[in-house]
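Below you'll find the structure, written out as C-alpha cells, and then a few comments.
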Amino acid sequence: MWSTLKRLCSSLNVPPETERSDENFLAYISNRVTFLNDSEKVVALLLDEIHIAPFFDYKSGNVVGNAYDSVLAANSAFVFMVSSLTSSFVEVAHIVPVKKINHVDLHSIIRKVVMGLEKAGLKVMSSN
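Residue numbering for the sequence shown follows our numbering, beginning at 502 and increasing consecutively.
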C-alpha cells in the first residue's frame with residue numbers, strides 16, 4: 502500500500518497547501534467521480550493510519566512534510582479512501598499528515614471529508 506500512496510502522491514502536482522484550501526479540497530476525487538455511474542457512487546469510507554518517517558522536503562517550490570496539527574514534521578498520516586459498494590472502484594480521497602491529533606480534530610476532519618465527498622456526488626453509506 503505504501504508504494505501505491507507514494508506513487509499517487511508524487512504523481513499529483515498539487516502542493517499540500519493547495520489541497521487544504523476550501524476551493525480545492527478533495528479536487529482529485531471530485532474529478533474521478535465524474536467517470537462513475539450513479540450506482541458506483543454509493544461508497545464506504547475507509548480510514549487508515551500509516552506511520553511515516555518525520556522529515557521535511559523541498560519539492561516543486563514548497564516545503565512538504567509538515568503536520569496538519571503542528572509546526573513539526575508529521576510522523577503519521579490518516580489516509581481516507583472510498584470504495585464503491587457496487588463495483589471495484591477504490592480510490593484515495595484525502596491524506597492528512599499529523600504529529601499528534603486529538604479526537605475533536607479527528608472528528609472535524611472526518612466530518613469535513615464526508616461532507617466534501619457528498620458534495621462531490623458520492624453517497625457515503627458506511628465507514629470502517
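Every residue, glycine too, gets a C-beta built ideally from N, C-alpha and C. Because the structure is a prediction, the values reported are computed rather than measured.
Per DSSP, cross-strand counterpart(s) of residue i
i           : result
residue 598 : 578
residue 552 : 577
residue 585 : 544
residue 625 : 544
residue 560 : 563
residue 591 : 584
Own chain residues within Cβ distance below 7 Å of residue i, not counting five before or after
i           : result
residue 527 : 594, 595, 617, 618 and 621
With 16 other Cβ atoms within 10 Å as the buried cut-off, status of residue i
i           : result
residue 605 : exposed
residue 542 : buried
residue 568 : buried
residue 551 : exposed
residue 501 : There is no way to answer for residue 501, as the model of the chain reaches only from 502 to 629.
residue 626 : exposed
Nearest to residue i (by Cα), restricted to the options the options
i           : options               : result
residue 559 : 548, 535, 574 and 551 : 574
residue 532 : 628, 623, 629 and 627 : 623
residue 600 : 544, 545 and 557      : 557
residue 464 : 586, 565, 603 and 525 : With the chain running from 502 to 629 in the structure shown, residue 464 is simply not present.
Neighbourhood of residue i by C-beta distance below 6 Å, restricted to the same chain and skipping five residues each side
i           : result
residue 549 : 580
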